[in-house]
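Asker: These protein sequence lines are chains A, B and C, in that order. Once you know that position 314 of the first sequence is 314 in the working numbering, the rest is easy, because the numbers rise by one and skip nothing. Once you know that position 77 of the second sequence is 1077 in the working numbering, the rest is easy, because the numbers rise by one and skip nothing. Once you know that position 224 of the third sequence is 2224 in the working numbering, the rest is easy, because the numbers rise by one and skip nothing.
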Amino acid sequence: MKSLTTPRSAGAAPEPPAVAAARAGDRRRLAVLVQRQGVLAVLLLLVLVSSFVFPSFGTLDNARNVTVQASFLAIVALGMTLVVITGGIDLSVGSVFALGGVLAAWASQYGMLPALLLPLAVCGLLGTVHGLLIARAGMAPFIVTLAGLLAARGLLLALTDEGADTYLVPHGSAFAELGQGTVAGFGHPVLIALVLFAAGGLVLQRTSFGQSLFAVGGSPDAATLMGLPVARTRVLVYTISGLLAGFAGALNAARLSSGVTIIGVGMELDAIAAVVIGGTLLVGGAGSVSGTLWGVLVLAVIQNLINQIGSLNSSYQSVVSGGFLIVVVVAQRYLARGPRTT
Amino acid sequence: MAPPDAAPAAPPPGPDEGPTAPAVLEAVGIGKRFPGVVALDDVSLTLRRGEIHALVGENGAGKSTLIKVLTGVHRPDTGEVRLDGRPVAFARPSDAQHAGVTTIYQEVNLVPLMSVARNIFLGREPRNRLGLIDFPRMHREAAALLAGFGVTADVRHPLGSLGVGTRQMVALARAVSVRAGVVVMDEPTSALEPREVETLFRVIGDLHDRGISVLYVSHRLEELYRICDRVTVLRDGRLVHTGDLADLDRMQLVAMMLGREVSEVRRHGRTGFGEDHHPDREAVLTASGLTRRHVLDDVSLELRPGEVLGLAGLLGSGRSETAKALAGALPLDSGSVTVAGRRLGRPSPAAAIRAGVSLLPEDRKAEGIVAGLSVRENIVLAAMPRLSRAGVVSRARQDRVVQVFMKRLRIKASGPEQKVGELSGGNQQKVLLARWLCLEPKVLLLDEPTRGIDVGAKAEVQALVDELAQEGLAVLLISSDIEELVEGADRLVVLRGGAVAGELTGERVGEGELLEVLAAHAPAAGSGPDDEEVRHDG
Amino acid sequence: MAELSPAVRRGAVRLPTPAWFQAYGVYAAVAVLVLFNAVFTDHFLTGANLRTQLVQVAPVVIVALGMALVIGTEGVDLSVGSVMALAAALLPLYLGYGLLSALLMALAAGAVVGAVNGTLVAVVGLQPIVATLALFVGGRGLALVLADGQLKQIANPGLLGLGTDDVLGVPVVVLIAGVLALLVAGVVHRTTFGRRLVAIGGNRAAAGLAGLPVKRVLIGVYVVCGVLAALAGVLATARLTASDPSTLGTLMELSAITAVVVGGTPLTGGSVRVLGTVCGALLMQLLRATLVKHDLPDSTAQMAQAVIILVAVYVARERRSR
């Protein structure tokens, strides 16, 4: 539908006069600006206001706390961003995150390298399987990764005697240090997430692979006809998503010192929420990793704020997140396409 | 039939060669079948260096399949593709592109959300020393390239913000810039305005001079005769003729495409329309001052029972938009539509349909048929409330209506329960006509009713339009086929830039007159349609 | 069995085509599982066991019926599990005013959530996944806020009766699910609402130009889905004898989507298979029960479920690509 309507609506309008064109250009620039940086503005505002209202919010300690908690979701959401830009979706990341943690915790008894490589290998492979089913067999991403969600969770249960066993990361090991150590008070996961986002942004904006992600998401048919390796791009992007989710899980296991089996449930939806709030279009073809980073932080700050307000039940967090999500997507919709809905 | 000439021993190299230039791209004995259909049966085609080669045929003749075989989208079941005399097997479009065979498709060609420059360089972006994309250089080169095609748009803007013609030019620029030896163009002018067509032809001329071969698919005969050297005609998946275009006159070419005798085509004329009608004087639909920013500017028109009003104009002139506005499918800033003396309130398709106005939309697949539903359900879709009681549909009543219309419109389907998506374009169009006719409308708005359907169905639809007008229906006919408009319409309203540019009635309804109004410069303020001076040809 | 007849009639041993699988595969699979269990599983064909299976699957069936309608419009509703929780949370708050008002409040909550989803999809024009994601996140939070995060025991005999009573030997829950399935099938095939829904799912633009009330129908579909989910929440609560908004209905959206997809309804809209959906839910239930009865762990059940989903979609894909 999208590929049909977008060019049609643009093509159907007659050449507008110069003034109107300029005005339309301004409007488009504004829309792009809001799309790209609106979340950042919201985030800054949120941080600014809450720092005044809650003295305990604006502290360095709290900032360290918020960022380290957000870093795992951020890494998962980074992979999700790339997938969503290609017009796909990866519902398996929550399960893969948990699986990665369990694998890492189990392998950590053999040292740092196995603890990282095993989850990367298994989760990357899972992602590759998703990609192959989607790109080669032509199945819907939604459903393939839904099956992947179940399969990864099943694999995790099989590895842990139906969730009864919890593998522990050896205390004081290098791997544990990876999750628990700090630089200038900020946890290693925060720095790792930042490095990954910088790399992700570079890949997305400044490499042919990144461009092909946009092309595949914007118009798969055109991308094929232009000779881009569409199938390979898709397989790769789901592999990356699996790798990042598994890596985030491993990192989380290192931080928690154990492979918790029950985490990651619903994480895929948090990641999607962050991606969408960050201005990436769920239909594919447009988006940015920086937006996703701000989206993750907005969600984390909301959670932190609700915790700050001691009298509030913690379930308000999801009410606020859900409400915020609606506001953001409705606003995006109106800004990006104009108020016409027909 | 006509076997491709064997390449002569020592061809004079160079662009301006005649029939003796060497073959660049050859299809030899290509066969291709899809489940249930033989798309191509032993088809051969030879494209020589530097020639502009026309590929023509009716819908379903196999043109698209042949192009797709030549460009690596499909693999042939039998036969082979040769490039510079060597057999090649393109597994995918990128293989063909790397070999220098690029294609400009009719619809999908580029990514609307990405910038113009990114589209042009997609997959072969210029890099800097770090291996990262060098955007300044990419923008510079894209702008320079486009300037050669007469395009001055900002290359950093998303492609989707450009007009259709400009987008087509960008596609062409991309194709040429990938060092193509062969460019395949599938209906490249279908969305272009005359000015853009001229630019395109100039560019094609340049390609010709540079020794690049062009395979040109179009069913606009004027264009073929203007630019093409040779022609290959396909019909029903078979090769009918290959030869110099100059050796065929237009009637012969049309006859070959249709598989009819020339005399027969002449006798019947080329459209299914009959005599003019004699409409009532009282208008059944009156539109006044239809205005929507950037789209329609104060469009007023009247439709009388028993007449066919032609709505003429170039692409982007607001033809389809006017029809949509009349059918309540386009929100308006101002203006009103009155049907049978009653003014339509808040515009919506449902309200317009209740008032007796039905629109056959331009894009049959996207806005017309529901492909997965049966012929029956597609026909009764709009009439459902009338064919049901208390929200429960009556199958018996539906069947009666469907039977009547399948018979009357001669819809060829295995039965009313066959899925519409499985029918041919012409029959799909008839199903849509049935959908509207079973509502017994007062006004029928037909937006390109014969586009993309085979010649037989086209004549049937044209005859039906005639018949409906005879019966007292008011018909608005939109068509980019000038011949169809002139022969079919009793009166012509010409749109330009979203405004009414002129009206032709009676004797003045003719191709020459219409072209003059269409080609006229935008009228200065104050001059109305009546000031248009119309000269007759003879 | 009806599903075997096409091959039998041809009188030849031919491998079933993907189209055949999409159309009849789910019935064949249910039949095979029933036969397998009848032969190899002890105490399978007992009244008590069948009863357990049906009672367990009933809420999934009810939710999946609504989901099938939504998927028929090329949509999806992720909020169903949260709606179940919301309904569960509302019940104890209003039981003091009588069972009927509590039921009405619960169903009304489902209708409101559905109306919001429908409005976001139909009027604002959001993608269904995004629109319903918001209430998926927010709905359960709201339920927890309403219930103050507590699990509350239910003592109302009328409500508990919904979970435990029989009518003519059939559990009320199963009866309700059965009647609803018939009702939804009737709506889909015999009413203007149902046919319009399918047409809108098949081609929304065409439906709009044909004068169909697209927005109204879409909102209606999401409302129906919300109400059915709320009803499932009420029935599940009655069976649990407690209102548990924190866990009730978690992953229900996945089970419901699975049932619909395995039942042969394409995710691309334009078709709704009601009997297929019921059998899809039944298949997943039987599969789990079979594996449990044969001492295979839950992990195996999940992986088997994954494989079945993939097969179902793969088969549907073959059909579409023709």
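Ideal Cβ placement from N, Cα and C applies to all residues, glycine included.
So V195/A and S71/A are in contact, right, with Cβ under 8 angstroms, and what is the actual spacing, rounded?
Answerer: Between S71/A and V195/A the Cβ distance is about 11 angstroms, and since that is not below 8 angstroms, they are no contact.
Asker: Tell me, which residues are paired with T1242/B by DSSP?
Answerer: Beta-bridge pairing links T1242/B to T1232/B.
Asker: Let me know if H1139/B comes out buried or exposed under the rule of 16 or more other beta-carbons within 10 Å of its beta-carbon.
Answerer: Its Cβ being crowded by 16 or more others within 10 Å, H1139/B is buried.
Asker: Using a Cβ-Cβ cut-off of 6 angstroms (strictly less than) and excluding sequence neighbours within five positions of P2245/C, which residues of its own chain qualify?
Answerer: Here the set comprises A2085, A2088, A2089, A2143, L2144, A2147.
Asker: I need the boundaries of the alpha helix (DSSP H) containing T1199/B, first residue and last residue.
Answerer: 1194-1209 is the span of the alpha helix (DSSP H), which, as asked, contains T1199/B.
Asker: Can you give me, in chain order, the residues of the segment 2248-2276 of chain C that have a beta carbon less than 8 angstroms from any beta carbon in chain B?
Answerer: Of all residues in the segment 2248-2276 of chain C, G2270, S2271 have a Cβ within less than 8 angstroms of some Cβ in chain B.
Asker: Would you mind working out which of D1298/B, T1065/B, L1330/B, V1494/B sits nearest V1509/B, comparing C-alpha positions?
Answerer: Nearest of D1298/B, T1065/B, L1330/B, V1494/B to V1509/B, Cα basis: V1494/B.
Asker: Among T1078/B, D1229/B, I1133/B, which residue has its Cα nearest to the Cα of G210/A?
Answerer: It is I1133/B.
Asker: For the beta strand (DSSP E) holding V1370/B, just list the boundary residues, first then last.
Answerer: Careful: V1370/B lies outside any beta strand (DSSP E) and carries neither H nor E.
Asker: Taking only beta-carbon positions, decide if Q211/A is within less than 7 angstroms of chain B.
Answerer: Yes - at least one Cβ of chain B is within 7 angstroms of the one on Q211/A.
Asker: Mind checking who T1286/B pairs with in its DSSP beta bridge?
Answerer: In the DSSP output, where bridge partners are listed per residue, T1286/B has E1302/B, T1338/B.
Asker: Would a C-beta distance cut-off of 7 angstroms place L1285/B and V1339/B closer than the cut-off?
Answerer: Taking 7 angstroms as the Cβ cut-off, L1285/B and V1339/B qualify as a contacting pair.
Asker: Scan the segment 1378-1450 of chain B and note each continuous alpha helix (DSSP H) run of 4 residues or more that stays entirely inside, going in chain order.
Answerer: As far as the segment 1378-1450 of chain B is concerned, its whole alpha helix (DSSP H) runs of at least 4 residues are 1395-1408, 1425-1437.
Asker: Going along the chain, which residues of its own chain have a beta-carbon closer than 6 angstroms to the beta-carbon of A2102/C, five neighbours each way excluded?
Answerer: These residues qualify, in order along the chain: L2091, Y2094, L2095.
Asker: What in chain C is Cβ-close to E162/A, meaning under 9 angstroms?
Answerer: The answer, in chain order, is P2297, D2298, S2299.
Asker: Starting from D1539/B and walking both ways along the beta strand (DSSP E), at which residues does that stretch end?
Answerer: This structure cannot speak to residue 1539/B, because chain B is shown only from 1001 to 1538.
Asker: Going along the chain, which residues of its own chain have a beta-carbon closer than 7 angstroms to the beta-carbon of A21/A, five neighbours each way excluded?
Answerer: Low local confidence applies: a pLDDT of 45 at A21/A is under 50, so the model's placement there is unreliable, and no value is given.
Asker: Quick one: is G1506/B buried, meaning 16 or more other Cβ sit within 10 Å of its Cβ, or exposed?
Answerer: So G1506/B counts as exposed.
Asker: Taking the DSSP output, what are the residues bridged to A1027/B?
Answerer: Note: A1027/B sits in a beta bridge opposite L1045/B, V1081/B.
Asker: Cβ of G278/A within 7 angstroms of Cβ of V42/A?
Answerer: Against a cut-off of 7 angstroms, the Cβ pair of V42/A and G278/A comes out as no contact.
Asker: Given a threshold of 16 other Cβ atoms within 10 Å of its Cβ, counted over all protein chains shown, does V183/A qualify as buried or as exposed?
Answerer: Flag for V183/A reads exposed.
Asker: Assign N1378/B to buried or exposed, taking buried as 16 or more other Cβ atoms, counted over all protein chains shown, within 10 Å of its Cβ.
Answerer: With 16 or more other Cβ atoms within 10 Å, it is buried.
Asker: What residues in the segment 2106-2136 of chain C bring their beta carbon closer than 8 angstroms to a beta carbon of chain A?
Answerer: The residues in question are L2120, V2123, V2124, G2125, L2126, Q2127, I2129, V2130, A2131, L2133, A2134, L2135, F2136.
Asker: What would DSSP say about A2312/C, mapped onto helix, strand or coil?
Answerer: Here A2312/C sits in helix by DSSP.
Asker: Distance check for A158/A and T2300/C, CA to CA, integer angstroms please.
Answerer: Spanning the two alpha carbons is a distance of roughly 7 angstroms.
Asker: Around the C-beta of Q2150/C, are 16 or more other C-beta atoms found within 10 angstroms, so that it is buried, or is it exposed?
Answerer: Exposed: under 16 other Cβ atoms inside 10 Å.
Asker: Please report how far the alpha carbon of S1386/B lies from the alpha carbon of V1380/B, in whole angstroms.
Answerer: For clarity, residue 1386/B is Arg in the given sequence; the question names Ser instead. Going by the C-alpha atoms only, they are around 9 angstroms apart.
Asker: Provide the residue(s) that pair with D2166/C in DSSP beta bridges, ordered along the chain.
Answerer: Note: D2166/C sits in a beta bridge opposite P2171/C.
Asker: Listing by chain order, which chain C residues have their CB less than 7 angstroms from the CB of I272/A?
Answerer: Simply L2133.
Asker: Is any beta-carbon of chain A found at less than 7 angstroms from that of L2286/C?
Answerer: No, L2286/C lies away from the interface with chain A (no Cβ there is under 7 angstroms from its Cβ).
Asker: For E1503/B, report the span of its alpha helix (DSSP H) as first-last.
Answerer: No alpha helix (DSSP H) holds E1503/B; the beta strand (DSSP E) holding it covers 1499-1505.
Asker: Please confirm whether I1104/B has its beta-carbon closer than 7 angstroms to some beta-carbon of chain A.
Answerer: Chain A, which has no Cβ nearer than 7 angstroms to the Cβ of I1104/B, makes this no.
Asker: Would you mind reading off the limits of the alpha helix (DSSP H) that contains R2216/C?
Answerer: Run containing R2216/C: 2214-2240, per the alpha helix (DSSP H) assignment.
Asker: Distance, Cα to Cα, H2043/C vs G187/A?
Answerer: Near 57 angstroms, if we compare the C-alpha coordinates of G187/A and H2043/C.
Asker: State the DSSP-derived secondary structure class of F72/A, mapped to helix, strand or coil.
Answerer: Reduced to three states, the DSSP call for F72/A is helix.
Asker: Taking 8 angstroms as the cut-off, does the segment 2102-2117 of chain C touch the segment 282-289 of chain A (at least 3 CB pairs, one atom from each stretch)?
Answerer: No: the two stretches stay apart, fewer than three of their Cβ pairs being nearer than 8 angstroms.
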